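Residues in the sequence shown are numbered consecutively from 0, following numbering that gives the first Met the number 0.
C-beta: ideal position from N, C-alpha, C; glycine also.
Just so it is clear, the structure is predicted and the values come from calculations on it, not from any experiment.
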Amino acid sequence: MARSKIVKVNEKIAEKVVGTFGKIEDTIVGGYTKIEDAFVDRYLTKDGETIKEAKKRLQGKNKQ
0 MARSKIVKVN EKIAEKVVGT FGKIEDTIVG GYTKIEDAFV DRYLTKDGET
50 IKEAKKRLQG KNKQ
């Protein structure tokens, strides 16, 4: 009986750890995306070009 309780508690802890890690990961990736967008907007866009268009243009140059 005691072993099954420990296993259940460990599973609950593992679920919370994985969920928390996912939230942290999403927050960090979202932060880097905002920084990337700001950089592209400030330094790499041409007149009247959107951030998405600039990223596509830059990716096209890398593929060539």
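Alpha carbon of residue i to alpha carbon of residue j, nearest angstrom
i	j	result
K4	E10	10 Å
I12	K22	15 Å
E35	V17	27 Å
E52	V8	50 Å
R41	E48	11 Å
V28	K45	26 Å
D25	K15	15 Å
T32	K55	15 Å
L57	R2	57 Å
CB contact below 8 Å: residue i versus chain D
i	result
T44	No chain D appears in this structure, which consists of one protein chain only.
Helix, strand or coil at residue i according to DSSP, with G and I counted as helix
i	result
T26	helix
G21	helix
E52	helix
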